[in-house]
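Contents: one structure, followed by commentary.
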Amino acid sequence: MYEKVEVEAAIPLAHIGRIFEMVSSIPYFQEKKSRIQQIEVLPGGLTNNNYKVTIDDVTYALRLAGAGTMEYLNRPAEKHNAQIMADISVSAPIIYYDETTGNQVCKYIDDCLTLHPEHFQENHYIQLAAKVFRNYHTCGKKFISEFNPLRETRIYRNLLTQKNYGFYEGSELMSQKLDEIEALLEKCPAQSAPCHNDPLCENWLDDKKNFYLIDWEYGGMNDPMFDLGALSIEADLTDEQERYLLREYFGGDLTEKQWGSLIINKFLCDALWSYWAVLQIATGKAYEDYWPYGLNRYNRAYKLIHEGTLDRALQALSN
């Protein structure tokens, strides 16, 4: 296990030590007396540190969970939910998962393309994403956790209050709109299904045989439209592309309620992650990495309010 190893120069020494310690403690590798041959950085990921690790000529994706994530992530639920997605070939096969820390080893998808926002400017990838969404939203399986964006936002807000850490200026109006949405959804609840809830473009992998969606740490039962709204934001889809995504997902013409649900979930998504971003700073992450990220989401959510788009969506859903 400790023979000469190729290690990418950018990897901190402390992380190299953690990777060796983690791999050497996993029965799957202990039984084969495996040895690490190469460690490379995997791009993406604000919460965790991800590495491509070659062990006995086989490649794996190894995740070192971020500090403080146990405060707001249900790691045992992620283990259960991610396994369901691996079983139906939506996500990568899981080799090891530590539900006390969130550290994880998955089979690396070889010869794959990691997607970025520009890839979703092609209808081909929008269509593939709609198909994958539909596949697991309607798979009939149940996640053991629930992901309620309104509740999660409240949790983040409460944690910020406990840590006596401030938020962006003018958040009172956002809070008011969140209350309006909560009241509407109590009257018109959405049907719940297994959801990813954080389908960043970089979480999609294409190996030309399958189209994968990885990283299920925020997975939970939720309104399926949250996934579509999140992808629309992350891929910076135009109105026309959003409507194409919805038509491919539903397999027909759109209704005003479907459109309204997408807009509401886009607002919930940006509101949620803006609070999440500030919480990262409050738990010790770099201000310059997270404050602008959260502010961008906060401003985008506010744009839906100021342009009247959110109110029109609320009206469409209430009719």
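In our numbering, the protein residues as written are 19 to 337. Backbone N, C-alpha and C fix where the C-beta goes; we use that ideal spot for every residue, glycine too. Since the structure is predicted, the reported quantities are computational estimates derived from the model, not experimental observations.
Host alpha helix (DSSP H) of residue i (start-end)
{"i": "arginine 175", "result": "167 to 180"}
{"i": "proline 307", "result": "The sequence as given places aspartate at residue 307; proline does not occur at that position. Counting along the chain, the alpha helix (DSSP H) containing aspartate 307 begins and ends at 305 to 324."}
{"i": "arginine 268", "result": "According to the sequence as given, residue 268 is phenylalanine; it is not arginine. Taken as a continuous stretch (DSSP letters only), the alpha helix (DSSP H) holding phenylalanine 268 covers 257 to 268."}
{"i": "cysteine 124", "result": "From DSSP, cysteine 124 is part of no alpha helix (DSSP H) but of the beta strand (DSSP E) over 122 to 125."}
{"i": "glutamine 145", "result": "141 to 155"}
{"i": "proline 217", "result": "Taken as a continuous stretch (DSSP letters only), proline 217 belongs to no alpha helix (DSSP H), as it is neither H nor E."}
{"i": "glutamate 58", "result": "Where glutamate 58 is concerned, there is no enclosing alpha helix (DSSP H), although the beta strand (DSSP E) it sits in stretches over 54 to 59."}
{"i": "leucine 328", "result": "327 to 336"}
{"i": "glutamine 194", "result": "189 to 205"}
{"i": "serine 250", "result": "243 to 252"}
{"i": "proline 13", "result": "Only positions 19 to 337 of the chain appear in the structure, and residue 13 is not among them; the question remains open."}
Chain-order list of residues whose beta-carbon lies under 6 Å from that of residue i (same chain, five-residue window excluded)
{"i": "lysine 97", "result": "Tyr115, Glu117"}
{"i": "arginine 93", "result": "Glu117, Gly120"}
{"i": "valine 123", "result": "Tyr78, Leu80, Ile113, Tyr114"}
{"i": "tryptophan 338", "result": "This structure cannot speak to residue 338, because the chain is shown only from 19 to 337."}
{"i": "leucine 218", "result": "Glu252"}
{"i": "alanine 104", "result": "Pro111, Ile112"}
{"i": "aspartate 245", "result": "Phe151, Cys213, His214, Pro217"}
Terminal residues of the beta strand (DSSP E) in which residue i lies
{"i": "isoleucine 73", "result": "67 to 73"}
{"i": "valine 291", "result": "The amino acid at residue 291 is misidentified as valine; the sequence shows tryptophan. Not the beta strand (DSSP E): tryptophan 291 falls in the alpha helix (DSSP H), residues 274 to 300."}
{"i": "phenylalanine 229", "result": "229 to 231"}
{"i": "alanine 27", "result": "Element bounds for alanine 27: n/a, residue is neither H nor E."}
{"i": "tyrosine 115", "result": "112 to 115"}
{"i": "isoleucine 81", "result": "The sequence shown places arginine at residue 81, rather than the isoleucine named in the question. First-last of the beta strand (DSSP E) with arginine 81: 76 to 82."}
{"i": "methionine 239", "result": "238 to 240"}
{"i": "leucine 91", "result": "Counting along the chain, leucine 91 falls outside any beta strand (DSSP E), and DSSP gives it neither H nor E."}
{"i": "leucine 223", "result": "222 to 224"}
Under 8 Å between C-beta atoms of residue i and residue j
{"i": "alanine 28", "j": "valine 71", "result": "no"}
{"i": "tyrosine 293", "j": "threonine 171", "result": "yes"}
{"i": "leucine 322", "j": "cysteine 206", "result": "no"}
{"i": "glutamate 235", "j": "leucine 131", "result": "no"}
{"i": "isoleucine 106", "j": "tyrosine 154", "result": "yes"}
{"i": "alanine 289", "j": "methionine 192", "result": "yes"}
{"i": "leucine 350", "j": "leucine 249", "result": "Residue 350 falls outside the range modelled here, since the chain spans only 19 to 337, and no answer is possible."}
{"i": "valine 108", "j": "valine 150", "result": "yes"}
{"i": "alanine 253", "j": "proline 135", "result": "yes"}
{"i": "isoleucine 282", "j": "isoleucine 173", "result": "no"}
Near the ligand MG: residue i beta-carbon under 7 Å from a heavy atom
{"i": "arginine 265", "result": "Among the components modelled here there is no ligand, and therefore nothing to report on the ligand MG."}
Close-in-space but distant-in-sequence residues of the same chain around residue i (CB under 7 Å, 5 per side omitted)
{"i": "isoleucine 127", "result": "Ala110, Leu223, Asp225, Tyr230"}
{"i": "asparagine 221", "result": "Leu231, Ile232, Asp233"}
{"i": "isoleucine 144", "result": "Phe138, Gln259, Tyr262, Leu263, Glu266"}
{"i": "leucine 202", "result": "Leu332, Leu335, Ser336"}
{"i": "glutamine 101", "result": "Ile112"}
{"i": "isoleucine 57", "result": "Val23, Val25, Glu26, Ile29, Ile34, Ile37, Tyr69, Val71"}
{"i": "proline 45", "result": "none"}
{"i": "threonine 65", "result": "Gly84, Thr87"}
{"i": "phenylalanine 268", "result": "Gln276"}
{"i": "aspartate 129", "result": "Asp225"}
{"i": "lysine 227", "result": "none"}
{"i": "threonine 327", "result": "Ile281"}
{"i": "cysteine 157", "result": "Ile106, Pro212"}
{"i": "lysine 125", "result": "Tyr78, Ala110, Pro111, Ile113"}
{"i": "lysine 341", "result": "The chain is shown from 19 up to 337; residue 341 falls before or after that span and cannot be answered."}
CB-CB length for residue i against residue j, believed under 8 Å
{"i": "glycine 278", "j": "alanine 331", "result": "4 Å"}
{"i": "valine 25", "j": "glutamine 55", "result": "Not really, about 10 Å apart at Cβ, beyond 8 Å."}
{"i": "asparagine 176", "j": "asparagine 215", "result": "So it is not a contact: roughly 19 Å between Cβ atoms."}
{"i": "leucine 178", "j": "valine 296", "result": "6 Å"}
{"i": "valine 238", "j": "alanine 147", "result": "The residue asked about is misnamed: residue 238 is glycine in this sequence, not valine. So it is not a contact: roughly 19 Å between Cβ atoms."}
{"i": "leucine 82", "j": "arginine 36", "result": "6 Å"}
{"i": "alanine 85", "j": "glycine 302", "result": "7 Å"}
Residues near residue i by beta carbon distance below 8 Å, same chain, minus five either side
{"i": "valine 41", "result": "Met19, Phe47, Ser52, Ile54, Val71, Ile73, Leu80, Val123"}
{"i": "tyrosine 186", "result": "Ser292, Val296, Gly312, Leu313, Tyr316"}
{"i": "lysine 159", "result": "Ile102, Ile106, Pro212"}
(request) Specify whether the segment 161 to 168 and the segment 209 to 223 touch according to this definition: at least 3 beta carbon pairs, one from each stretch, less than 8 Å apart. (result) Because the criterion of three Cβ pairs below 8 Å is met, the segment 161 to 168 and the segment 209 to 223 touch.
(request) Answer yes if the segment 303 to 310 comes into contact with the segment 261 to 279, meaning at least three C-beta pairs across the two stretches below 8 Å, and no otherwise. (result) No, because fewer than three Cβ pairs between the segment 261 to 279 and the segment 303 to 310 fall closer than 8 Å, the two stretches do not touch.
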